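Chemist: Numbering (this note's numbering), first residue to last: 35 to 149.
A virtual CB, placed ideally from N, CA and C, is assigned to each residue, including glycine.
On a predicted model such as this, the values are computed, not experimentally measured, just so you know.
The structure is given below, and queries will be raised subsequently.
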């Protein structure tokens, strides 16, 4: 990438318009990242433990990502107990890629400004 901070900032602004700004929160970014790294899905309690967030915050973020079709909630039965697992969708993976691109650009900018 070009080492010109002005060019990097221009690229950052252009790319930031490609992402859904309502998804770009730390909790939602982490949820998408965790789900993308686990093909079998994650249970609510696993997400709660890893993220260390309140039930309300986790539920509202999961519901919102599900509403956007970035994740899906699947009911499963395990040891005669019904539970849900959460999995990222293709749409969610695409949005996550866009967010990662933004993070990479910010990282490049930080490197140039610290030189």
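If I measure Cβ to Cβ from residue 133 and keep anything under 8 Å in the same chain, skipping five residues before and after, which residues do I get?
Modeler: So the list reads 53, 57, 58, 63 and 66, once near-sequence residues are dropped.
Chemist: Among the residues of its own chain, which have a CB less than 8 Å from the CB of residue 119, if the five just before and after it don't count?
Modeler: Contacts found: 74, 75, 76, 77, 107, 108 and 110.
Chemist: Would residue 96 be called buried (16 or more neighbouring beta carbons within 10 Å of its own) or exposed?
Modeler: Per the 10 Å Cβ criterion, buried.
Chemist: What do you get for residue 130, buried or exposed, if any count of 16 or more other CB atoms within 10 angstroms of its CB means buried?
Modeler: The residue is buried, with at least 16 neighbouring Cβ atoms inside 10 Å.
Chemist: In chain order, which beta strand (DSSP E) runs of at least 3 residues are fully inside the segment 108-148?
Modeler: You should have 115-122.
Chemist: Since residue 106 sits in a beta bridge, which residues does DSSP pair it with?
Modeler: Beta-bridge pairing links residue 106 to 121.
Chemist: Given a cut-off of 8 Å, decide if residue 139 and residue 49 are closer than it, judged by their beta-carbon atoms.
Modeler: Their beta carbons are under 8 Å apart, which means residue 49 touches residue 139 by this criterion.
Chemist: Fully enclosed by the segment 46-100, which alpha helix (DSSP H) runs are 4 residues long or longer?
Modeler: As far as the segment 46-100 is concerned, its whole alpha helix (DSSP H) runs of at least 4 residues are 60-70 and 78-85.
Chemist: Who are the near neighbours of residue 70 in its chain, counting only those whose CB is closer than 8 Å to its CB and skipping five residues on each side?
Modeler: For residue 70, where only same-chain residues beyond five positions count, the Cβ hits under 8 Å are 122, 126, 127 and 130.
Chemist: Since residue 81 contacts residue 99 with CB under 8 Å, what's their CB separation in whole angstroms?
Modeler: Contact flag wrong, Cβ pair sits at about 11 Å.
Chemist: Tell whether a beta-carbon distance below 8 Å holds between residue 136 and residue 60.
Modeler: In this structure, residue 60 does not lie closer than 8 Å to residue 136 by Cβ.
Chemist: Here's the rule I'm using: 16 or more other beta-carbon atoms within 10 Å means buried, otherwise exposed. How should residue 105 be labelled?
Modeler: Per the 10 Å Cβ criterion, buried.
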